[in-house]
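Structure first, then comments.
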């Protein structure tokens, strides 16, 4: 995953054993050599095999450095060959090769296959907000590794927002000194991340949001604001008043110097200036700013923002970059090489394209809403005409409700579905197939080092205070965490509220529940279902002792009790199905009512276990032929189609 | 864990919230400051809390740098104070503080407590073999973090053995060039590890095994051997012939230069020369060496080794170090400040002490035998008289059957039981209490970053080829991996055989099985037991689909089938117990026979699930009073006594 442009499987395989080795036969450079070293380490770990050289089983032939991402991978029983025009293509092909490794008849092996592959879109991004909650360099590094594994190629890195100024300015050190709690990236760290990303064929596009979302700028430099300070960084979420003053020449002088400093730090040709959600209270309350607007004939605050954007765009261009902004920057007079990133929707993006602007879609790819992978997978960036102006899309991870500990499980594996949408041919869109491969790639990402799976176990142990926590895990696997839209109303969150409770440990999408749903549809009497239902029914009794003296467990007892109820209802439904009896209509109605009640969001999670049980009830209600014997063959354990695992 | 010398719990607690902070009020240095930073990061992660300063809830007062390990920790409802004579003591106290954090009535908190603590032994070591299988720096780092968490203070680091020469010599680069597959620590890496350990209050004692176990030395420098080469490094396990020539002055000239180079790299006052298991074939076959022996009046090869040792001891001393060697170095004429490390036994150590030598016990602490923690816990280093000469003990992790991926689960958590034996008062020896705390500390170590728990899940996913692997996890949790004594006879292992199979994923001791045993003894009709038995009975059907085309799953099917059998037998026994019926003697005899058969080691693991089921059969066989109702209260989920978690 993402599924390649063209795949032809064969028969046979090459072994991954201690004699396995990789040779570079064509063009080579440090980046390719380093990538080969990293891949060998990963394969060695994944297969438990120590490599001691030997005749190379995989040879890599590329023709030059470059960023062309296409590659060809040919695995035969006598060896594998990876060909690419450019090193970046070879990097993509190496990730494909690793995903091909499977346990076979004689240990690990790579099946015979021929792959020709190239991306559909050239911009396949992941945006990681580091202002709302601070993300140390290690978080960025492991997410870059994960991005590389699913062939994403742009890290969009917003470094300023109301809650934090996250980059060191040597020219204006007050920015990070007053704009963070000491949690910012030094310039050395920035250079390290840019190089780390570059090694993996990933570009880094920084964002400095202006003129709104600017509280952290003005905490140290109140003179930039449209109203007198003092200011301090925000601890809460929302849209805030502090806005840069677009009327003062000093603002642009400062931005010229600052953008110059940052442009030198980030080699990418694009430079993101945000431009979203400008709150115009300060502008409206200032007689001076209103006078300036009148003098220039600006009718609305948006006109004033457009003036600001056009001034900034000239500065950005002066420092050798093309500007990117969110939808709101679109206005008459905007430079034609500006790229529009759309959070508003495909229509907004299509409008921009019609006006000649290049665009990137983020609408529908907001990971912080914690929607199912299938939701994101269904969103396509192109809207018909002007398709060539659509560069691609970006998954966005806003950080109001994630910490360094939980962010991985909010990004992965769902972002891999977006990565596939952006890389693979548009015709690749079967949802079941996607989920099977997502389940596989989730584990690949674990082996790569991203912590979405490890953190789940760790956080549950922490919640349980280090006691054996299996029943909490059972409960957490039967719920799905809810996103920003639910959480912002659920309780008063600020950046100081710990993100260590059950809804933080729970995952956005339960792999187990999906498997049970599939099973309930295809084979409702399979052993898996019976086992799960009995486990749920009995689980509450096992959780109770953990709640003693532990408020974080106690608060989830109502959900746990509901899970027991759902398990019991499911077992009843199963009994009807197994005996071929049709349940009384009153019973069916009552269970539907109970399940509807139970399925309402509670404590920022939804009890996903309701879904397969609802299917069982409907199956029981509509069953006319008796199923006399239980089907003991499992189907939920074979969801991944082999031998093509990606 | 380890349990402190003196503990007085109180009532109440201090909160760990965003205002939590640590202040250094007395002596301070970079080491203490760095430790405080690390601890804050760990607490922040464990509790999901972002710290933004505030009135310090914990103040640290120590009087100077130094290595005194005692400390005092006083937690009251208004704050906590950690006092220590020296920085090292403060480091130990900080680890205690972190272990005190529990989820309470209002989030995470530290209960009121007064602790006075100091170690029983001054040498509490862990030896990590890096020759049989290569261990990258990251493995050493995370194990140092874990050692610090359980207050171990010596990393014993054997850097040479027949299978690998693991350190860079700048004077004699042929050593690592021909003595490794490129897998060795550079001198910069050595310095990094020594500093990393020192930051955590851990000394690093290197070992250079001589004159035996010397194949990797002579691979690059055959002139050191007692017979002409050429040699290459060993890929198999055992004791090999290549032995240094003790008769040539060139040998000592080389050792003088080499030891000088290494002595400068390792600041510790001790220097380990191995000296174990000298194979004398080369000596016996050399007329020249036999002539030399005769000339000097040596009667045995051991006399010749003693001569060698005494020459080496003078070199070691010349470079400012005291020598350590294994039992075999003990012989008349050995310098009195030599330290004897005993792998042979407490008697051997007592002999050495009687002769005036200081000693370290490793017999009984060999982790690679994969014995239960209780076995190691029962071994005490002191043998009565001359107790003052016993410095302490060392857990030894030999690496024939571990890789960088599996080593953590072979060391942890069992080494924590040894750490407690060496730190805590001799009177702390209750095994049940130890296991309860071991279960807790296993999770603490996970949070510290050691991978014994994460790797378990990861390896099982790898075995299952990335498919949902829950049934394999159930099976793996019901078995225990066997150690070197079983594995060396089970199949032909070399350093090139991957360590990626089921016995590598399985853990040496099953926490779940121990909990079920406890439960079977105290409350055989508890819900937990019924659930586990039913899960085992049904598990085989769920594993079967995973075995298709996967030899590594297929080979464990017989064990899986046995687990189903054990589950079914247990459920039968439970039925007898629940109904108060006494089973027929023939039934009991037959089940005992079946379980005895099933419990025999198979595929390098033992089916530990047999143990609780055997208890159930005995309970059924001897039950006279009927237990009419099932006891639904769980006992296995509350094994950890609170509020003292360590």
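Residue numbers (my numbering), protein chains in the order written: chain E, 1 to 646; chain V, 1001 to 1646. Cβ atoms here follow ideal geometry from the backbone N, Cα and C, with glycine treated the same way.
Asked, Found
"7 Å Cβ shell around residue 1002(V) - same chain, five flanking residues per side excluded", "1150, 1151, 1419, 1420, 1423 and 1424"
"Minimum Cβ-Cβ distance from residue 1050(V) to chain E less than 8 Å", "yes"
"Residue 576(E) - containing alpha helix (DSSP H), residue span", "557–579"
"Beta-carbon proximity of residue 123(E) to residue 160(E), cut-off 8 Å", "no"
"Limits of the unbroken alpha helix (DSSP H) element including residue 1178(V)", "1174–1179"
"C-beta neighbour in chain V for residue 157(E), strict 8 Å", "no"
"Within-8 Å CB hit, residue 1444(V) to chain E", "yes"
"Buried versus exposed, by CB contacts within 10 Å (16 or more), residue 333(E)", "exposed"
"Residues sharing a beta bridge with residue 1220(V), DSSP", "DSSP output for residue 1220(V) lists no bridge partner at all."
"Alpha carbon of residue 1553(V) to alpha carbon of residue 101(E), nearest angstrom", "16 Å"
"Residue 1187(V) beta carbon less than 8 Å from that of residue 1168(V)", "yes"
"Distance between beta carbons of residue 1282(V) and residue 1243(V), contact taken as under 8 Å", "5 Å"
"The stretch 1442–1462 of chain V in contact with the stretch 1340–1350 of chain V per 3-pair CB rule at 8 Å", "no"
"Reference residue 1119(V); option with closest CA among 1093(V), 1349(V), 1097(V) and 1013(V)", "1093(V)"
"Closer than 8 Å to chain V by CB, residue 506(E)", "no"
"Chain-order list of residues whose beta-carbon lies under 7 Å from that of residue 52(E) (same chain, five-residue window excluded)", "18"
"For residue 1009(V), three-class secondary structure by DSSP", "strand"
"Three-state secondary structure (DSSP) of residue 1398(V)", "coil"
"Helix, strand or coil at residue 231(E) [DSSP, three-state]", "coil"
"Close-in-space but distant-in-sequence residues of the same chain around residue 1277(V) (CB under 6 Å, 5 per side omitted)", "1212 and 1239"
"Closer than 7 Å: residue 456(E) CB and nearest the ligand MN heavy atom", "The model depicted lacks the ligand MN and carries no ligand whatsoever."
"Endpoints, the alpha helix (DSSP H) within which residue 1622(V) is located", "1610–1622"
"Residue 1049(V) versus residue 196(E): straight-line alpha-carbon distance, rounded", "28 Å"
"Sequence-distant residues of its chain with Cβ nearer than 6 Å to residue 54(E) (five each side left out)", "19 and 21"
"Where residue 405(E) falls, given that 16 or more other Cβ within 10 Å makes a residue buried", "buried"
"Reduced DSSP category for residue 1408(V) - H, G, I as helix; E, B as strand; rest coil", "helix"
"Within-8 Å CB hit, residue 440(E) to chain V", "yes"
"Proximal chain E residues relative to residue 1096(V), where beta-carbon distance stays under 9 Å", "In chain order: nothing, as chain E lies at least about 15 Å away."
"Bridge partners - residue 339(E), DSSP secondary structure assignment", "324(E) and 358(E)"
"Limits of the unbroken beta strand (DSSP E) element including residue 123(E)", "123–128"
"Proximal residues to residue 268(E) (C-beta, below 7 Å), its chain only, five neighbours per side dropped", "203, 204 and 205"
"Distance, residue 585(E) Cα to residue 625(E) Cα", "Annotation note: pLDDT 46 at residue 625(E) (below 50); position unreliable, no value reported."
"Short CB-CB distance (under 8 Å) between residue 463(E) and chain V", "yes"
"Range of the contiguous beta strand (DSSP E) that encloses residue 72(E)", "71–76"
"Contacts of residue 1457(V) in chain E (Cβ-Cβ under 9 Å)", "446, 453, 454 and 457"
"Beta-carbon proximity list for residue 15(E), same chain, < 6 Å, skipping 5 on both sides", "109"
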